[in-house]
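Colleague: Handing you this structure, nothing more for now.
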Amino acid sequence: MITYSEFIRILRDESNSRSLTSLTDSKVADMIEYMSLTKRSLQEAKR
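Here the sequence shown is numbered in UniProt numbering, starting from 1 and rising by one per residue.
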């Protein structure tokens, strides 16, 4: 049996890790977009 304060702490940890994950996902998406733009501009510069 867990105490109420432990339960609240677990919930808080869950929401923190979930928001951290979504933040990381958006950062990864931004990096992929940036890399594809950079690659495209490099290819156009070679022409």
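Quick reminder that beta carbons are idealized off the backbone N, C-alpha and C, glycines included.
In this text, all values refer to a predicted model and were calculated from it rather than measured experimentally.
(1) Output the distance between the C-alpha atoms of E33 and S41, rounded to the nearest integer angstrom.
(2) Quick check on DSSP: helix, strand or coil for T3?
(3) Alpha carbon to alpha carbon, what distance is there between M35 and T10?
Modeller: So, to answer that:
(1) In the sequence shown, counting from the first residue as 1, residue 33 sits at position 33. In the sequence shown, counting from the first residue as 1, residue 41 sits at position 41. Rounded to the nearest angstrom, the two C-alpha atoms are 12 Å apart.
(2) Position 3 of the sequence shown holds residue 3. In the structure shown, T3 adopts coil according to DSSP, grouped into three states.
(3) Translated into positions along the sequence shown, residue 10 becomes position 10. Translated into positions along the sequence shown, residue 35 becomes position 35. For clarity, residue 10 is Ile in the given sequence; the question names Thr instead. M35 has its alpha-carbon roughly 37 Å from the corresponding atom of I10.
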